[in-house]
Structure formats: structure tokens, C-alpha cells
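Trainee: Attaching a single structure in C-alpha cells format; questions to follow.
There are 4 protein chains.
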Amino acid sequence: MAPQKVIISCAVTGSIHTPSMSPHLPVTAAEVAESALGAAAAGAAIVHLHARNPTDGRPDQSPEAFEPFLRVIKQSSNVVVNLTTGGSPYMTVEERVRPAATWKPEVASLNMGSMNFGLFPMLKRYKSFKHDWEPQMLEGSHDLVFRNSFKDIRYALETLNGTGARYEFECYDTSHLYNLHYFWTEGLVKAPLFIQTCFGLLGGIGAHPDDVMHMKRTADRLFGDNYRWSVLGAGRAQMQVAAMAASMGGHVRVGLEDSLWIGAGRLAETNAARVTQVRKIIEGLGLEIASPDEARDILQLKGGDTVAF
Amino acid sequence: MAPQKVIISCAVTGSIHTPSMSPHLPVTAAEVAESALGAAAAGAAIVHLHARNPTDGRPDQSPEAFEPFLRVIKQSSNVVVNLTTGGSPYMTVEERVRPAATWKPEVASLNMGSMNFGLFPMLKRYKSFKHDWEPQMLEGSHDLVFRNSFKDIRYALETLNGTGARYEFECYDTSHLYNLHYFWTEGLVKAPLFIQTCFGLLGGIGAHPDDVMHMKRTADRLFGDNYRWSVLGAGRAQMQVAAMAASMGGHVRVGLEDSLWIGAGRLAETNAARVTQVRKIIEGLGLEIASPDEARDILQLKGGDTVAF
Amino acid sequence: MAPQKVIISCAVTGSIHTPSMSPHLPVTAAEVAESALGAAAAGAAIVHLHARNPTDGRPDQSPEAFEPFLRVIKQSSNVVVNLTTGGSPYMTVEERVRPAATWKPEVASLNMGSMNFGLFPMLKRYKSFKHDWEPQMLEGSHDLVFRNSFKDIRYALETLNGTGARYEFECYDTSHLYNLHYFWTEGLVKAPLFIQTCFGLLGGIGAHPDDVMHMKRTADRLFGDNYRWSVLGAGRAQMQVAAMAASMGGHVRVGLEDSLWIGAGRLAETNAARVTQVRKIIEGLGLEIASPDEARDILQLKGGDTVAF
Amino acid sequence: MAPQKVIISCAVTGSIHTPSMSPHLPVTAAEVAESALGAAAAGAAIVHLHARNPTDGRPDQSPEAFEPFLRVIKQSSNVVVNLTTGGSPYMTVEERVRPAATWKPEVASLNMGSMNFGLFPMLKRYKSFKHDWEPQMLEGSHDLVFRNSFKDIRYALETLNGTGARYEFECYDTSHLYNLHYFWTEGLVKAPLFIQTCFGLLGGIGAHPDDVMHMKRTADRLFGDNYRWSVLGAGRAQMQVAAMAASMGGHVRVGLEDSLWIGAGRLAETNAARVTQVRKIIEGLGLEIASPDEARDILQLKGGDTVAF
Ligand SMILES: [Zn+2]
Ligand SMILES: [Zn+2]
Ligand SMILES: [Zn+2]
Ligand SMILES: [Zn+2]
């Protein structure tokens with residue numbers, strides 16, 4: 000049996016990093032579109048997208064904020080679009096699901112449990128910020144609980160299941176896998192589950208190889224062949240975690256949402272650069288990357304022509 | 000080197016189970032005191048205590064609710080008293096720390112992260128309830144986030160550190176260990192850390208042997224010799240988890256807070272019965288149980304004469 | 000589903016320990032029979048048997064040496080008889096399989112790989128020996144390779160498969176499980192495989208909990224539901240390893256072959272004492288021990304009336 | 000702290016593969032030298048060398064067989080030379096250590112335990128062989144026990160310790176790590192230990208990620224900071240195992256001794272090609288490869304000017 004091709008997801012901008020941290024962080028719709036298309040050209044089969052206020056870079060989860068870049072991306076590329084329902088951990092679930100409910104993408108992310116979300120360690124690395132909201136958001140994370148109760152998750156599933164979207168189930172610790180298993184036994188989610196195990200954020204599991212193995216092993220035990228495994232490593236563990244997963248048959252997510260860096264002290268200039276780097280690892284392993292259509296096949300997606308944008 | 004003696008903690012009543020679930024659940028102060036003393040007589044070195052409203056069994060985190068049984072227990076036994084700061088996951092942290100702040104016990108529990116707390120599966124097992132609050136509390140857990148932000152935890156530590164209490168750090172998943180490590184690097188907690196890894200509650204890590212091993216391994220990596228390991232298994236995994244830990248050099252927690260059962264379909268009649276059962280395992284392993292004073296020595300507690308009750 | 004009952008195997012005398020190490024080590028046929036029957040009465044469902052020269056206690060793998068105690072045991076007990084084909088690691092495979100080929104027991108042990116067999120550390124613990132062969136045997140283990148080539152194993156299987164015996168596949172390291180998997184893919188062994196994972200002998204895997212977990216996990220991966228797991232811990236790890244396995248759904252082997260000790264510095268006086276001790280752990284776990292007939296059922300044995308003694 | 004540079008070892012020809020399996024397998028001294036130098040130019044810091052009979056490719060462990068390529072390599076390159084003491088698993092230990100005893104290289108390999116060595120599965124892949132010894136050697140492995148008793152290992156250490164060589168401790172299963180630990184406690188080996196954990200050969204541990212993790216974890220536990228970790232994956236797992244190790248801070252070994260293949264059905268044409276491929280992975284991880292002098296520094300080698308060739 001030929002080994003499965005490796006799906007590279009690229010998380011283009013997210014909501015955790017702020018404009019003052021890197022001049023290369025996409026903020027405007029034009030920047031998001033251009034960076035997503037660059038990532039796709041470099042080999043990403045999926046782009047995971049957030050929107051930001053074009054003026055100050057603040058996360059903006061209004062459906063209208065997504066529209067401009069969705070249209071550009073769709074016009075120019077076959078890449079699979081994945082819309083966040085995480086939004087920012089400061090938002091309510093109702094607010095967070097609106098873009099996916101409106102635009103009906105092939106994939107929508109879904110956070111599988113409540114947790115602390117400790118962004119404040121980043122405060123130490125930056126002396127000044129362009130916008131007041133940036134240090135406030137980071138400082139506020141001391142008291143931030145990213146709320147994803149069972150009811151919240153059920154609300155997201157019941158709102159989005161009808162759109163035909165598949166989910167990128169974001170699991171930040173073992174418990175999130177067990178929570179997903181609960182919804183699996185309830186029949187609210189369907190195979191193949193696309194599970195994004197997330198490593199290295201303060202408040203979630205770490206990025207040690209033992210952590211990666213434990214999440215993989217637990218998912219294997221709970222879901223058997225009914226899931227497709229992907230990983231993201233926050234910060235400098237990004238490539239280490241990706242290499243471990245790729246060597247074990249997994250898929251990978253990279254991009255500026257998860258790490259702004261391409262090496263010690265060196266900012267990544269584009270999302271494409273991160274895709275290119277992980278592609279070196281994948282090809283060094285003798286594996287091939289999946290095209291968008293191959294990703295659709297692996298994840299059994301509804302197709303790029305069924306979205307509402 | 001002689002193997003360390005095994006500390007049995009007994010969690011007498013907790014806040015999760017409700018009076019309708021078992022006639023043997025201690026509710027009044029007299030019942031809590033009697034059951035705690037019975038557990039101590041059977042071999043528990045530590046009793047972990049919650050208070051309940053004597054009329055309807057609802058969790059009561061007012062310091063006054065603790066006073067009656069604290070006095071009785073202290074008068075009759077040398078057992079180490081551990082007061083909950085978990086209270087009920089529906090309470091605020093300020094409410095939750097008050098009993099420990101008031102009574103200054105040798106040990107106070109402390110939850111190390113936010114999480115979902117899914118008690119609703121218990122609804123299926125019971126046809127009727129004596130009190131309205133019982134099904135409401137269980138039903139409400141669909142939307143329950145047990146909130147323990149970094150700020151909340153810091154608040155508890157800053158409130159209680161001055162009392163000389165040590166903590167029973169309750170860790171329900173890997174992330175909680177990393178959170179504890181954050182406070183360790185901040186200098187807010189001191190060795191030897193008494194870490195209670197908690198298994199099998201929906202919303203937390205499961206009770207599979209892999210889960211037990213991963214928590215142990217992670218704690219070893221993060222804290223080396225600076226911690227003492229204990230486990231609690233919720234529900235029917237209680238003895239399995241305890242046996243694994245005891246065979247690996249750990250301490251154990253049992254009691255009706257964590258499991259009402261002593262076998263399939265058979266309710267435990269007393270906390271002492273659970274202590275006696277785990278003691279069989281420990282002694283079968285050729286190990287000895289720790290007396291309260293030996294537990295004080297192992298955990299470096301301040302002493303039973305320094306409490307405020 | 001009710002948890003499976005736990006099979007206690009008792010290894011009565013073996014070939015590794017020598018008469019000078021313990022006055023309680025069974026040597027004569029009468030002693031082996033009596034000790035095996037005592038173990039059965041205490042709860043062992045299976046007795047794993049070696050024979051020794053009645054004069055000097057040297058391992059004796061002649062079929063005639065087994066006959067006296069086989070007859071006594073069969074006459075007095077329903078216990079399942081398991082005959083060693085390990086014999087002593089100094090013997091050839093042809094010599095080692097003869098007792099099982101002759102007496103056609105329900106179970107025969109089978110070592111699944113070659114390895115060093117470092118018994119020499121025991122030399123440090125004893126000042127004098129009654130018989131010259133004892134220190135010579137221990138000293139000789141510096142250069143001892145316990146030979147179980149693929150051809151040797153195939154020879155044992157081809158010799159014994161016709162007797163209807165099942166095997167206690169003794170696996171002293173991960174590679175032995177992979178070797179067993181090779182014979183499984185060759186169709187030379189049949190499910191349910193009874194796998195005895197063996198811990199703590201110098202030359203084999205250690206007795207650390209990680210080692211126990213890795214063997215279990217590897218067997219799960221290679222054999223799925225097609226095997227029944229048992230463990231033996233050499234020396235002082237015996238009960239720790241047994242407790243871990245029992246808490247994970249496994250079966251256990253105890254007895255004087257594997258450990259002469261019942262506690263630090265205290266010799267076990269009987270095999271029954273070891274069985275009684277492990278039974279405490281099993282019952283503390285809320286589990287039941289398997290009777291010989293229940294063991295026959297679990298392992299799908301041919302039946303005690305089909306043996307040749 | 001900057002992450003350590005990654006040492007690439009290249010095992011140029013070995014003794015397991017035979018000339019009929021690949022026209023690219025180096026056989027003559029000129030071929031060995033050329034291939035080793037190519038590997039060094041591509042980034043290998045260490046070359047692990049065996050000699051073969053130039054006529055039929057049979058392993059030749061006479062010191063004279065090594066001389067021609069040793070001289071050429073030393074003249075042209077600063078690469079660290081590592082001489083096998085494994086030779087072929089059919090040879091005695093006395094025969095196996097002679098080249099290292101004679102030429103006093105900076106590194107000598109050393110196998111840390113006895114094991115089956117199942118090369119016979121390769122028989123199925125080849126229809127014909129150029130030399131009679133090839134199928135005989137493979138067929139013979141059904142009964143092959145690679146003998147490395149405690150006494151054998153002690154003999155090698157006592158013979159070679161005086162040369163100032165460090166060892167590449169080849170560990171094919173968990174037990175080999177424990178055996179190494181025995182010699183460590185005996186004071187016969189010195190830190191930093193260079194441990195080559197070897198995966199995927201029938202008779203040894205497999206090449207599953209769990210196997211890699213277990214060997215790493217065991218070495219960490221037994222040796223702490225006193226060792227440097229390297230891996231080799233036999234056959235098609237070569238790059239997967241290397242990627243896992245590199246992502247966990249380990250070093251890697253590649254080359255035609257361990258795998259003749261560069262992809263499904265495609266023979267590697269040179270050792271350099273394997274080095275180049277693993278280098279892609281390492282650089283994709285954002286890591287740098289070690290030069291020979293950096294490898295000398297990491298492993299604390301005696302220096303390339305102290306060898307006897
Ligand atoms: Zn996102
Ligand atoms: Zn509690
Ligand atoms: Zn035996
Ligand atoms: Zn070699």
C-alpha cells in the first residue's frame with residue numbers, strides 16, 4: 000500500500016499574534032488573500048482563515064470581514080478553504096460560528112474543550128505595541144478562559160452540520176479527544192474525523208515528543224481508522240512536531256497563526272516560506288504532498304463548488 | 000533504600016455526587032465527621048473534606064459549614080485535614096477559598112486549570128431525585144465550565160500561601176501539569192509539590208493506563224524529585240488507577256467523592272470500606288501505608304497543631 | 000461486560016535459583032508436587048513445572064524426572080499443568096522439548112528469542128553453596144547465550160503442535176514479540192496466544208513500568224484480540240509487575256522460579272504464599288481469580304483429560 | 000541554548016546486504032573509499048566501515064582488508080572513521096575486534112547483546128544470486144544467533160579501551176540498553192556514551208514510533224545526560240526513524256548497510272544520496288549538521304591524528 004499523501008494546512012493569520020509582533024503578519028483582506036494564495040502555490044492543500052480589522056489588526060469575526068478574501072481566493076485557486084470558528088478566545092460561540100454558517104466552507108475549525116489560554120508570556124518579548132488592544136489582549140489572558148462547553152460545541156455542530164462542512168477538530172489536550180469521543184458516540188460527528196492535535200500553547204498540552212505520542216495514541220484508541228491525524232506546534236516547536244507527525248503517517252499544519260518564526264530570531268516573511276520548509280521535511284521522508292483535490296479525497300470533503308462564496 | 004510508605008487520602012463526600020445517588024453519602028456534619036474518622040481508622044492518613052447543606056445535601060462552601068466536623072475530627076484523630084478549594088465547579092474562586100483561608104488546614108486542594116465538567120452522563124442512571132437541585136446541577140453541567148484561570152489560581156495561592164498550607168494540586172489533564180509548572184517557575188509554589196492526578200471525569204483525561212502513565216511521565220519530566228505523586232480514579236476505575244500508581248511508587252486517593260461503588264452494582268457503605276480495599280492492594284504489593292505523621296513527613300506539612308480549628 | 004477473571008500461574012521451582020539460595024525451593028518430585036498442589040489450593044489455575052535432580056537440585060530435563068510429580072498432581076487436582084521447554088538456558092532445544100513431547104501437557108512454555116542470561120549478579124548475595132554446580136552455573140552465565148533461533152523455535156512448534164498443547168510464549172523483550180509475530184504470520188501458532196511477558200532478568204527487558212507498558216502496547220498492536228496477556232516479574236518486582244498487569248486486564252505469574260522473596264530480606268516459605276499475596280491484589284482490584292476450568296476456557300485449552308500422564 | 004548540531008553517520012556497506020541485491024553496494028576497497036568520501040562530502044561526519052572480499056563481496060574482517068580504504072579516506076578527508084566490531088553475525092568476537100584493535104579508529108561499533116538475526120525474509124525478494132555464499136548466508140540466518148555474551152562484550156571492551164576509541168553502542172532492543180547499563184555500573188564504559196539504537200531488523204525491536212520512543216525513554220532513564228542518541232532504521236523505515244530522532248534532538252545514521260533503497264522500488268545509487276536526503280529533513284527542521292570536528296566535540300573523540308592508519 001502506498002503511503003498516504005501528506006496534507007499541508009496553512010493557518011494564515013489567526014487571532015493570537017498581533018501586528019506589532021511581525022510586519023509580515025497578514026492583516027488586510029488583500030494581505031490575507033495574497034498570503035493564502037502564496038501558501039497554496041507553495042504546496043498547502045488547505046488554508047485556515049481568520050479575518051482582522053484592516054485598520055488595527057484586531058480579530059474580526061463578522062462574516063463581512065471574510066468576504067473579500069474568500070472571493071479572491073476562490074477565483075484564483077482550487078485550495079480548500081477552512082474557516083475558523085475559534086475566532087478569538089474572547090468571543091462567544093454564537094459570534095464565532097457566524098462566518099462558517101454564512102459562507103459554508105468545506106472545512107470549519109472547532110475547538111473541543113474549555114481551557115486557559117495563556118498568551119501573556121508574549122508580553123515579555125515586546126517592548127512596545129502599535130495598538131492599545133494588543134497588550135490589553137495579551138494581559139487579559141491571565142484571566143482568559145476559552146469557553147467551549149459541551150453545550151457550546153453542540154451549538155456549533157447543530158448550526159454547521161447542515162452546511163455539509165467537515166470540521167478541523169482542534170484538540171489542545173487529551174480531554175479534548177475524549178470530549179470529541181463523546182460527540183462521536185452521540186452521533187453528532189461523522190467519520191473520517193479530521194483531528195488537529197495542537198501542541199505548545201500555555202493552557203494546553205506541551206510540545207514534547209511524549210505529548211505528541213500520547214495524543215496520537217489516544218486518538219488511535221478512541222477512533223481507530225475513523226480519523227485523519229494532523230498536528231500543529233505553536234511557536235518554535237512547529238517543525239519538530241510536524242516532522243514527528245509526518246514520520247508517523249500524519250498531516251501537518253504550519254503558518255503564521257501558529258508561529259511567526261522561521262528560525263531563532265528570524266521572522267518568517269511569508270506563509271509560503273513555512274509551507275516550503277515543511278515540504279522539505281515531507282519530501283526528505285520520501286513522501287508526497289497532497290493537492291487540494293487529494294486532500295478532498297482523503298478527508299471526504301463536499302467539494303469546492305458547494306461553498307457559499 | 001526502603002520504598003516510601005503509601006499515603007491513602009480519603010475524599011469523604013465531595014460535591015459531585017448527590018444524596019439520591021447513595022444513602023451512604025455523608026451529608027450532615029455528623030456524618031462527614033463520622034465517615035472521615037472511620038476512614039482514618041481504616042488507614043487513611045489524609046481526609047479531603049467538603050461540606051454540604053444538612054437539609055438537602057447541596058454543596059455549602061461557607062466556612063461555618065465546615066466548622067462542626069472540623070472540631071470533631073481534630074478532637075478525635077491525628078488524621079491530616081485537607082480542605083477543598085474546588086468546592087463546586089459552579090462557585091467562584093473567592094467563594095471557594097474561604098474555608099481554607101479561615102481554617103488554615105495543613106493541606107488545601109487546588110484545581111490547576113479550566114475545563115468542562117460533564118456530570119450529565121449520571122442523569123441516565125437515576126430515575127428520580129429527592130431534591131430539585133440534583134438533576135438541575137447535573138443537567139446544568141452541559142454548559143458548565145469549571146473556571147480556574149491563571150488569575151484565579153494566582154488568587155488562591157496568594158490568599159493561602161500565608162497560611163502555611165500545602166496544596167493538593169488537582170490535575171485533570173496534561174495541561175494542568177504544565178500550568179502548575181508555570182507557577183513553579185514563577186516561584187509561587189514550593190517543593191515538595193503534592194500532585195493529585197485525576198482520571199476518568201468527562202471533561203478531563205480518561206482513566207486508561209496510557210493516561211495514567213502519561214501524567215506520571217509528564218510530572219517526572221517537569222518536576223523531577225520535587226513532587227509526590229498521588230492519583231484518583233473517578234467511578235469504577237478507582238481501584239485500577241490506585242493499583243497502577245501504588246505499583247509505581249505513588250500515593251492514592253479513594254472515597255465516596257470519587258466513586259460511590261465498591262463493585263458492579265454494589266454501593267460502598269462507608270468510606271472506610273474503600274480505604275480497606277485499597278489497603279489490600281497496597282499490602283499485597285508488600286508496601287506499608289503511611290500514618291498521618293508519616294504523611295506529614297513525606298509531604299513536609301506544617302503540623303496538625305497549626306490549624307485554625 | 001464483566002471483566003475477565005484473572006489467571007494466576009505459579010512457577011514452582013524453575014532452573015535459575017539453586018538449593019543453597021533458599022531451603023524452601025522445591026527440589027524432589029515430592030516437594031514439587033506438594034508445592035504445586037499448595038499453590039493450586041491457594042488459587043493458582045496453572046502450575047508451570049520444571050524438574051530437578053533430587054540429590055543436588057540440578058535442573059533435569061529428562062521426561063522421567065517429571066513423571067512422579069505429574070502423576071501426583073493429576074491425581075489430586077484439576078490444576079492446569081504447564082511444562083517448561085525452557086529447561087535450563089544451558090540445554091539444547093532438542094533436550095528441552097522432550098518432557099512436553101512425552102507428557103503432552105495442556106500448556107508448554109516456549110522462549111521466543113535468543114538472549115544473554117545474566118545470572119551472575121546473584122553470586123554476590125551468597126557466601127557459600129552446597130553444591131559445586133551452583134556457583135559454576137551462575138559464573139558460567141557471563142558467557143551464557145540462551146539460544147532460541149528461529150530454527151529452534153520452529154523445531155519446538157513442529158514437535159509439539161501435534162500434541163494439542165498451547166504455549167506460554169515467554170517474551171523477554173520487544174524483539175521476542177516481533178519474533179512471535181513472524182511465526183503468527185507463518186501460521187505456525189494459533190490464537191488465542193498466551194503471551195507471558197517477562198521482566199527484570201539481566202539480559203532481558205527491565206521491570207520498569209515503562210517496560211511493562213511497552214510490551215503490552217506492542218502486543219496489542221501486533222496481535223489485537225488474538226492474545227491473552229500475562230506477566231512475570233523477576234525478583235523483587237514480582238508483585239509490582241503483577242499489580243500493573245492485573246489493573247490493565249492481564250493475568251499474572253508468580254512463584255519461586257521467578258522470586259524467592261516475599262519481602263525485603265524475607266524468603267517466601269511456599270509457593271502458596273506468593274499466590275495468596277497476589278490474590279490480595281487481585282481481589283483488592285475487585286476482580287476474581289480464574290479456576291482451572293475457567294483458565295481452560297479463557298485460553299481454549301484441550302482439557303486435562305487429554306494429557307499423556 | 001542553541002540546539003545541538005546533528006551528526007550524520009553513514010554506514011557504507013555493512014555485511015548484511017549482498018552484491019546481487021544492488022549494483023551500487025560498495026565491495027572493493029576503492030568502492031568503499033569512494034563511497035565513504037562521497038558521503039562525507041554530502042555531509043556525513045562519521046563513516047561506519049566494513050570490508051568485503053573484492054572478488055565475491057563476502058564480509059572480510061581481516062585487518063588487512065581495511066587498510067587500503069582507510070589510507071585513502073584519511074588522506075582525503077577529515078571525516079571520523081568508525082570501524083565495525085560487528086563484522087558479520089557469523090564471526091567470533093575475537094575475529095570481529097581485530098580491525099579496530101589494529102587500526103585504533105576514533106570510533107568502533109559494539110553490539111550490546113545476543114539476538115536472533117533473521118535475514119532470510121530477503122530471500123523472497125531475489126530470484127537469483129551471483130555468488131553461492133549469498134543465499135547460503137541468508138538461509139543460514141534461520142539458525143543464526145548473533146552472539147554477544149557479557150563475556151564477549153567485556154572482551155571487546157578490554158581489548159579496545161586502551162586504544163582510546165569511543166564506541167558506537169549498537170542496541171537492537173531494550174535489553175541491550177540494560178546490558179550497557181550493566182557495563183556502565185561496572186565502570187568499563189565512559190560518558191558520553193554514543194548509543195546507536197537500531198530499529199527494524201527481524202530478531203531485534205521493530206521500527207514503529209512506539210519502539211523509537213521506548214528506546215529513547217529507556218536510555219534517558221538509564222543514562223540521563225551521559226549519552227548521545229543516534230538511530231538507524233533498517234530498510235524502508237530509515238528516513239522515518241531518522242526524522243523522529245532528529246526532531247527529538249538525536250543524531251542519525253543512514254547508508255547502504257542499513258537500506259539499499261531510496262524509495263519504493265528505487266535503489267539508492269550512492270551513499271551520498273542517502274546523506275543528502277536525510278540532510279533535507281534535518282535542514283527542514285531548522286537544524287544544522289555537524290562537521291567531523293563538531294562531531295568530535297560532541298562525542299569527545301580522541302582525534303583523527305591518533306589513529307593507527
Ligand atoms: Zn485559527
Ligand atoms: Zn473535592
Ligand atoms: Zn520456567
Ligand atoms: Zn555495521
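Taken in sequence, the protein lines are chains A, B, C and D.
Heads up: the first sequence begins at 0 in numbering that gives the first Met the number 0, then just goes up one per residue.
Heads up: the second sequence begins at 0 in numbering that gives the first Met the number 0, then just goes up one per residue.
Heads up: the third sequence begins at 0 in numbering that gives the first Met the number 0, then just goes up one per residue.
Heads up: the fourth sequence begins at 0 in numbering that gives the first Met the number 0, then just goes up one per residue.
Built from N, CA and C at the ideal position, the CB exists for glycine as well.
In this text the structure is predicted, and so the values were computed from the model without any measurement.
Can you have a look at Ser108 of chain C and say buried or exposed, based on whether 16 or more other CB atoms are within 10 angstroms of its CB?
Mentor: As a first step, residue 108 of chain C is located in the third sequence; it is residue number 109 there, counting from the start. Buried, by the Cβ-count rule.
Trainee: Are the beta-carbon atoms belonging to Ala39 of chain A and Val78 of chain A less than 7 angstroms from one another?
Mentor: For this step, residue 39 of chain A is matched to residue 40 along the first sequence. For this step, residue 78 of chain A is matched to residue 79 along the first sequence. For Ala39 of chain A and Val78 of chain A, yes; Cβs fall inside 7 angstroms.
Trainee: Spatial neighbours of Met62 of chain B within its chain, please: C-beta separation below 7 angstroms, excluding the five flanking residues on both sides.
Mentor: One-based indexing of the second sequence puts residue 62 of chain B at position 63. Before going further, note that residue 62 of chain B is Pro rather than Met in the sequence given. Excluding residues within five positions, the ones whose Cβ falls inside 7 angstroms are Arg97, Pro98, Thr101 and Trp102.
Trainee: Taking only beta carbons into account, state which residues of the stretch 201 to 230 of chain D come closer than 8 angstroms to chain C, listed in chain order.
Mentor: So the close ones are Leu201, Gly202, Gly203, Ile204, Gly205, His207, Asp209, Asp210, His213, Arg216, Thr217 and Arg220.
Trainee: Return the residue from the list C:Pro120, C:Arg252, C:Asp257 and C:Glu185 that minimises the CA-CA distance to Gln310 of chain C.
Mentor: Since the first residue of chain C shown is 0 and the last is 308, residue 310 of chain C is not available in this structure.
Trainee: With DSSP run on the structure shown, which of helix, strand or coil describes Val78 of chain C?
Mentor: As a first step, residue 78 of chain C is located in the third sequence; it is residue number 79 there, counting from the start. If DSSP states are grouped into helix, strand and coil, Val78 of chain C belongs with coil.
Trainee: Helix, strand or coil for Glu169 of chain C? Go by DSSP, reduced to three states.
Mentor: Taking the first residue of the third sequence as position 1, residue 169 of chain C is located at position 170. If DSSP states are grouped into helix, strand and coil, Glu169 of chain C belongs with the strands.
Trainee: Can you tell which of A:Ala241, A:Phe193 and A:Phe182 has its C-alpha closest to the C-alpha of Val309 of chain A?
Mentor: Past the edges of chain A, shown from 0 to 308, lies residue 309 of chain A, and the structure says nothing about it.
Trainee: Ala64 of chain D to Gly285 of chain A, Cα distance in whole Å?
Mentor: The residue you call residue 64 of chain D lines up with position 65 of the fourth sequence. The residue you call residue 285 of chain A lines up with position 286 of the first sequence. Computed Cα separation, rounded: 35 angstroms.
Trainee: If you follow the beta strand (DSSP E) that His47 of chain C is part of, which residue opens it and which one closes it?
Mentor: Residue 47 of chain C sits at position 48 when you count from the first residue of the third sequence. Per DSSP, His47 of chain C is one residue of the beta strand (DSSP E) stretching across Ile45 to Leu48.
Trainee: Just the Cα atoms here: how many angstroms apart are Phe128 of chain A and Ala155 of chain A?
Mentor: Your numbering for residue 128 of chain A matches position 129 in the first sequence. Your numbering for residue 155 of chain A matches position 156 in the first sequence. The straight-line gap from Cα to Cα measures roughly 34 angstroms.
Trainee: Please report whether the beta-carbon of Gly285 of chain D lies at a distance below 7 angstroms from any beta-carbon of chain A.
Mentor: One-based indexing of the fourth sequence puts residue 285 of chain D at position 286. Answer yes: the Cβ-Cβ gap between Gly285 of chain D and chain A drops below 7 angstroms somewhere.
Trainee: Got a sec? Which residues, its chain only, sit under 6 angstroms from Pro134 of chain D by beta carbon, not counting five neighbours each side?
Mentor: For the purposes of this step, residue 134 of chain D is taken as the residue at position 135 of the fourth sequence. Excluding residues within five positions, the ones whose Cβ falls inside 6 angstroms are Phe128.
Trainee: Just to confirm the assignment, what range does the alpha helix (DSSP H) spanning Gly101 of chain B have?
Mentor: Position 102 of the second sequence holds residue 101 of chain B. The residue asked about is misnamed: residue 101 of chain B is Thr in this sequence, not Gly. Per DSSP, the continuous alpha helix (DSSP H) segment holding Thr101 of chain B begins and ends at Val92 to Trp102.
Trainee: Just confirm the distance between the C-beta atoms of Leu36 of chain A and Ser8 of chain A, as a whole number of angstroms; I'd bet it's less than 8 angstroms.
Mentor: In the first sequence, the residue the question calls residue 36 of chain A occupies position 37. In the first sequence, the residue the question calls residue 8 of chain A occupies position 9. In fact, because the Cβ distance is near 15 angstroms, the residues do not count as touching under 8 angstroms.
Trainee: Of all the residues that make up the stretch 184 to 203 of chain B, which are near chain A by a beta-carbon distance shorter than 7 angstroms?
Mentor: Leu201, Gly202 and Gly203
Trainee: Since Leu266 of chain B contacts His23 of chain B with CB under 8 angstroms, what's their CB separation in whole angstroms?
Mentor: Residue numbering aside, residue 266 of chain B sits at position 267 when the second sequence is read from its first letter. Residue numbering aside, residue 23 of chain B sits at position 24 when the second sequence is read from its first letter. Right, the Cβ-Cβ distance comes to about 6 angstroms (below 8 angstroms), so this counts as a contact.
Trainee: Taking 6 angstroms as the cut-off, is the C-beta of Glu256 of chain D nearer than that to any heavy atom in ligand 4?
Mentor: For this step, residue 256 of chain D is matched to residue 257 along the fourth sequence. Answer for Glu256 of chain D: yes, Cβ within range of ligand 4.
Trainee: Buried or exposed, going by whether 16 or more other CB atoms sit within 10 Å of the CB of Arg227 of chain C?
Mentor: On the third sequence, position 228 is the one that residue 227 of chain C refers to. With 16 or more other Cβ atoms within 10 Å, it is buried.
Trainee: Can you say whether Pro120 of chain B is buried or exposed, counting buried as having 16 or more other CB atoms within 10 angstroms of its CB?
Mentor: The sequence position of residue 120 of chain B within the second sequence is 121, counting from 1. Classification of Pro120 of chain B: exposed, given that the 10 Å Cβ count is below 16.
Trainee: Mind checking if Ala41 of chain D is an interface residue toward chain F, Cβ cutoff 7 angstroms exclusive?
Mentor: No chain F is part of this structure, whose protein chains are labelled A, B, C and D.
Trainee: Compare the Cα-Cα distances from Ser258 of chain A to each of A:Ala190, A:Val5, A:Val188 and A:Ser14 and report the closest residue.
Mentor: On the first sequence, residue 258 of chain A is found 259 positions in, with the first residue counted as 1. Considering only alpha carbons, the answer is A:Ser14.
Trainee: Can you grab the Cα-Cα spacing for the pair Thr167 of chain A / Phe193 of chain A, in whole Å?
Mentor: Residue numbering aside, residue 167 of chain A sits at position 168 when the first sequence is read from its first letter. Residue numbering aside, residue 193 of chain A sits at position 194 when the first sequence is read from its first letter. Here the sequence assigns Glu to residue 167 of chain A, which means Thr is not the residue at that position. Near 5 angstroms, if we compare the C-alpha coordinates of Phe193 of chain A and Glu167 of chain A.
Trainee: For Arg57 of chain A, I'd like the list of residues in its chain whose CB is within less than 6 angstroms of its CB, leaving aside the five on either flank, ordered along the chain.
Mentor: Counting from 1 along the first sequence, the entry for residue 57 of chain A is found at position 58. Contacts found: Trp132.
Trainee: Would you list the one or two residues that DSSP bridges to Leu132 of chain B?
Mentor: As a first step, residue 132 of chain B must be located in the second sequence, where it is residue number 133. A quick correction: the sequence has Trp, not Leu, at residue 132 of chain B. BP columns for Trp132 of chain B are empty, so no partner.
Trainee: Could you work out which residues of chain B lie near Phe128 of chain A, taking near to mean beta carbons separated by less than 9 angstroms?
Mentor: Within the first sequence, residue 128 of chain A is the residue found at index 129, counting from 1. Going along chain B, no residue has its Cβ under 9 angstroms from Phe128 of chain A, so there is no contact; the nearest lies around 21 angstroms.
Trainee: Report the three-state DSSP secondary structure of Gln239 of chain D (helix, strand or coil).
Mentor: Here residue 239 of chain D is taken as the residue at index 240 of the fourth sequence, counted from 1. Looking at Gln239 of chain D - three-state DSSP - the assignment turns out to be helix.
Trainee: Taking Cβ-Cβ distances below 7 angstroms as the criterion, which residues of the stretch 87 to 117 of chain A are in contact with chain B?
Mentor: Hits within the stretch, in order: Gly112, Ser113, Met114, Asn115 and Gly117.
Trainee: Sorry if obvious, but does the Cβ on Gly264 of chain A come closer than 6 angstroms to a heavy atom of ligand 4?
Mentor: By 1-based counting over the first sequence, the position of residue 264 of chain A is 265. For ligand 4, not one heavy atom lies less than 6 angstroms from the Cβ of Gly264 of chain A.
Trainee: For the alpha helix (DSSP H) that contains Val277 of chain C, what are its first and last residues?
Mentor: Your numbering for residue 277 of chain C matches position 278 in the third sequence. That run of the alpha helix (DSSP H) goes Asn270 to Gly283.
Trainee: Would the C-beta of Thr54 of chain C count as close to ligand 4, meaning under 6 angstroms from any of its heavy atoms?
Mentor: Start at 1 with the first residue of the third sequence, and residue 54 of chain C comes out as number 55. Not under cutoff, so the answer is no.
Trainee: List the residues that DSSP assigns as beta-bridge partners of Arg252 of chain D.
Mentor: Within the fourth sequence, residue 252 of chain D is the residue found at index 253, counting from 1. According to DSSP, Arg252 of chain D bridges with D:Ser8.
Trainee: What's the C-alpha gap between His180 of chain D and Thr173 of chain C?
Mentor: By 1-based counting over the fourth sequence, the position of residue 180 of chain D is 181. By 1-based counting over the third sequence, the position of residue 173 of chain C is 174. Per the coordinates, the alpha-carbon of His180 of chain D lies some 18 angstroms from the alpha-carbon of Thr173 of chain C.
Trainee: Taking 7 angstroms as the threshold (C-beta atoms), are Val144 of chain D and Arg146 of chain C in contact?
Mentor: Stepping through the third sequence from its first residue, residue 146 of chain C is reached at position 147. Stepping through the fourth sequence from its first residue, residue 144 of chain D is reached at position 145. Result yes, Cβ atoms of Arg146 of chain C and Val144 of chain D sit closer than 7 angstroms.
Trainee: Is any heavy atom in ligand 4 found nearer than 6 angstroms to the beta carbon of Gly37 of chain D?
Mentor: Against the fourth sequence, residue 37 of chain D aligns to sequence position 38. No.
Trainee: Under the DSSP definition of a beta bridge, which residues are partnered with Met114 of chain D?
Mentor: Reading the fourth sequence from its first residue, position 115 is the one you call residue 114 of chain D. Paired residues: D:Phe145.
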